[in-house]
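Beneath this line is the structure, given in structure tokens, with notes to follow.
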Amino acid sequence: MRAYFDHNATTPPSPEVTEAVVRALTDEFGNASSVHHFGQRAKALLDEARSSVAALVGGEPAEIVFTSGGTEADNLALRGAAEALEATGRRHIVTSSIEHEAVLNTVKALVKRGWTSTLLPVDASGIVAPSALAAAITPATGIVSVMHANNEIGTIQPIADLAAIAHEHGALFHTDAVQSAAKIPVDVKALGVDLLAISAHKFNGPKGAGALWIRRGTRLVSTMTGGKHERNRRGGTENVPGIAGMGVAARLGREKLPVNASRLAALRDRLERGVLTQISGTALNGAPEPRVPNTTNISFDGIEAESLLIALDLEGFAVSTGSACSSGTLEPSHVLRAMGLPSHRTQNSIRFSLGAGNTEEQVDALLAKLPAVVEKLRTLVRR
Ligand SMILES: Cc1ncc(COP(=O)(O)O)c(C=O)c1O
Numbered sequence: 000m001r002a003y004f005d006h007n008a009t010t011p012p013s014p015e016v017t018e019a020v021v022r023a024l025t026d027e028f029g030n031a032s033s034v035h036h037f038g039q040r041a042k043a044l045l046d047e048a049r050s051s052v053a054a055l056v057g058g059e060p061a062e063i064v065f066t067s068g069g070t071e072a073d074n075l076a077l078r079g080a081a082e083a084l085e086a087t088g089r090r091h092i093v094t095s096s097i098e099h100e101a102v103l104n105t106v107k108a109l110v111k112r113g114w115t116s117t118l119l120p121v122d123a124s125g126i127v128a129p130s131a132l133a134a135a136i137t138p139a140t141g142i143v144s145v146m147h148a149n150n151e152i153g154t155i156q157p158i159a160d161l162a163a164i165a166h167e168h169g170a171l172f173h174t175d176a177v178q179s180a181a182k183i184p185v186d187v188k189a190l191g192v193d194l195l196a197i198s199a200h201k202f203n204g205p206k207g208a209g210a211l212w213i214r215r216g217t218r219l220v221s222t223m224t225g226g227k228h229e230r231n232r233r234g235g236t237e238n239v240p241g242i243a244g245m246g247v248a249a250r251l252g253r254e255k256l257p258v259n260a261s262r263l264a265a266l267r268d269r270l271e272r273g274v275l276t277q278i279s280g281t282a283l284n285g286a287p288e289p290r291v292p293n294t295t296n297i298s299f300d301g302i303e304a305e306s307l308l309i310a311l312d313l314e315g316f317a318v319s320t321g322s323a324c325s326s327g328t329l330e331p332s333h334v335l336r337a338m339g340l341p342s343h344r345t346q347n348s349i350r351f352s353l354g355a356g357n358t359e360e361q362v363d364a365l366l367a368k369l370p371a372v373v374e375k376l377r378t379l380v381r382r
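Using numbering that gives the first Met the number 0, the first residue of the sequence shown is number 0, and each one after it goes up by one.
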């Protein structure tokens with residue numbers, strides 16, 4: 000048996016998505032900018048996908064810019080807004096200490112360009128306090144960027160409260176919703192944000208397709224200069240197969256959200272309860288609520304997370320030590336460190352992230368194996 004518990008790293012495309020990608024690669028190969036029949040068919044696919052992606056986040060189709068993924072959407076949001084703001088003198092950006100590298104390293108790049116930055120702390124449960132933002136924001140703050148759901152621990156931030164504070168001070172608000180879209184309801188109006196990034200491969204869409212939702216009227220300078228694609232906001236011939244697949248994934252994700260969310264929460268809770276009750280020296284990292292329904296992050300005393308990951312892989316279970324981008328480096332998780340966990344817990348934690356393909360049998364099979372695997376590793380360490 001092989002079971003995949005790493006859906007926050009990536010998800011398998013659903014059959015309907017694969018079918019849409021293949022159809023766009025074969026039958027609908029036109030350039031969406033071409034005036035002839037072939038181009039117009041490709042453009043129709045883009046239009047349909049734009050509507051589905053807009054509906055997933057509660058926005059208008061004209062507010063969607065397709066990108067190559069979540070990383071590019073975050074870059075376009077922050078670099079594009081920063082460049083547009085520079086003439087106003089607002090050159091301070093506020094973000095949280097638990098963001099994905101797509102945001103953290105973009106903020107670092109802005110600092111090299113003369114911006115100042117503030118990293119907001121999180122509490123022990125992994126939540127950013129609105130009072131921390133209120134204390135950090137200044138008249139020079141141009142952008143506030145706080146992620147909707149965290150990729151390592153799944154906690155959901157109080158985005159509506161944070162965005163309201165940013166707006167009171169005349170700053171734009173961006174949220175990285177890569178880990179929340181299609182897992183919990185995402186509504187740009189209810190959240191009150193100006194910019195919101197998503198990525199198709201995190202919700203059973205293809206890799207290499209993402210989107211930035213840009214509130215109508217928000218000033219942004221294109222970071223990808225080229226043709227007039229995407230209403231002048233992102234030059235380059237559109238990735239029609241990827242975008243068509245993303246559109247189908249967005250539609251299915253939205254339709255199936257209520258059923259998937261409650262099913263995954265039940266499976267995740269079964270797994271979490273099983274681990275915490277059957278294995279001594281384990282603890283949940285981050286607040287149990289509010290949290291996306293598919294994620295749990297647990298520390299195991301007396302072992303190295305990487306060793307447990309490898310031992311579980313040999314047994315057929317794919318899990319993660321946290322962010323896929325930092326795996327293999329043995330770096331302690333910056334998220335767990337920001338939450339103030341002691342150093343051993345930042346290096347002995349495993350993320351289990353569930354998805355549509357997981358079953359109760361898979362969870363029970365993992366629970367049947369895990370105690371013995373952990374005990375064996377602990378014995379090796381004690382020797
Ligand atoms: C929170 C978050 N933001 C951004 C990204 C980057 O998305 P992509 O892989 O589409 O570039 C990821 C992917 O791991 C993520 O988890």
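Cβ atoms here follow ideal geometry from the backbone N, Cα and C, with glycine treated the same way.
Just so you know, these numbers come straight off a predicted model, no measurement behind them.
Comparing the CB of D363 with every heavy atom of ligand 1, is any distance shorter than 7 Å? For the purposes of this step, residue 363 is taken as the residue at position 364 of the sequence shown. No - ligand 1 has no heavy atom lying nearer than 7 Å to the Cβ of D363.
Mind checking who W212 pairs with in its DSSP beta bridge? Taking the sequence shown and counting its residues from 1, the one referred to as residue 212 is at position 213. I63 and L195.
Neighbourhood of A139 by C-beta, 6 Å cutoff - its chain only, sequence neighbours within 5 removed: For the purposes of this step, residue 139 is taken as residue 140 along the sequence shown, with counting starting at 1. Closer than 6 Å at Cβ, skipping near neighbours: R89 and H91.
Please list, in chain order, all residues of the same chain as D5 whose beta carbon is under 7 Å from its beta carbon, the five residues on each side excluded. Numbered from its first residue, the sequence shown carries residue 5 at position 6. If we look at D5 and ignore the five residues flanking it on each side, its Cβ neighbours are A317, V318, S319 and S352.
Can you check DSSP and say which residues form a bridge with S352? Position 353 of the sequence shown holds residue 352. S352 is bridged to D5 and T294.
Could you tell me the distance, in whole angstroms, from the CA atom of T154 to the CA atom of H35? The residue labelled residue 154 in the question sits at position 155 within the sequence shown. The residue labelled residue 35 in the question sits at position 36 within the sequence shown. Approximately 48 Å between the Cα atoms of the pair.
Go ahead and label D193 buried or exposed: buried means 16 or more other beta carbons lie within 10 angstroms of its beta carbon, across all protein chains shown. Position 194 of the sequence shown, counted from the start, is the residue given in the question as residue 193. Classification for D193: buried.
Entirely within the region 247-274 and at least 4 residues each: give me those alpha helix (DSSP H) ranges in chain order. none
Would you grab the beta carbon distance between R218 and A131 for me? Rounded to a whole angstrom, and I think it's under 8 Å. Counting from 1 along the sequence shown, the entry for residue 218 is found at position 219. Counting from 1 along the sequence shown, the entry for residue 131 is found at position 132. Incorrect: roughly 27 Å between the Cβ atoms, too far for contact.
With DSSP run on the structure shown, which of helix, strand or coil describes D363? For the purposes of this step, residue 363 is taken as the residue at position 364 of the sequence shown. In the structure shown, D363 sits in a helix (DSSP, three-state: H, G or I).
Supposed contact pair H200 and M146 - C-beta distance, whole angstroms, cut 8 Å: Residue 146 sits at position 147 when you count from the first residue of the sequence shown. Residue 200 sits at position 201 when you count from the first residue of the sequence shown. Contact doesn't hold; Cβ gap of about 17 Å is too wide.
Other residues of its chain near A54: CB distance less than 8 Å, five sequence neighbours each side excluded: Against the sequence shown, residue 54 aligns to sequence position 55. A249, R250 and R253, listed in sequence order.
Take the Cβ of I183 as the centre, count every other Cβ of all protein chains shown within 10 Å, and call the residue buried at 16 or more, exposed below. Translated into the one-based positions of the sequence shown, residue 183 becomes position 184. When all chains shown are included, I183 counts as buried.
On the three-state DSSP scale, how would you describe L219? Stepping through the sequence shown from its first residue, residue 219 is reached at position 220. Coil at L219, not helix or strand.
G246 to R262, Cα distance in whole Å? Mapped onto the sequence shown, residue 246 falls at position 247. Mapped onto the sequence shown, residue 262 falls at position 263. Approximately 23 Å, taken between the alpha carbons.
Can you name, in chain order, every residue of its own chain whose Cβ lies under 7 Å from the Cβ of V110, other than the five neighbours on each side? One-based indexing of the sequence shown puts residue 110 at position 111. Answer for V110: S116, listed in chain order.
DSSP on S144, reduced to helix/strand/coil? To locate residue 144, count along the sequence shown from 1; it is residue 145. If DSSP states are grouped into helix, strand and coil, S144 belongs with the strands.
Just to confirm my understanding: we take V239, look at its own chain, exclude 5 residues before and 5 after, and list those with CB closer than 7 Å. What are they? Taking the sequence shown and counting its residues from 1, the one referred to as residue 239 is at position 240. Once the five neighbours on either side are set aside, the close Cβ partners of V239 are A23, E27, A31, A41, L44 and L45.
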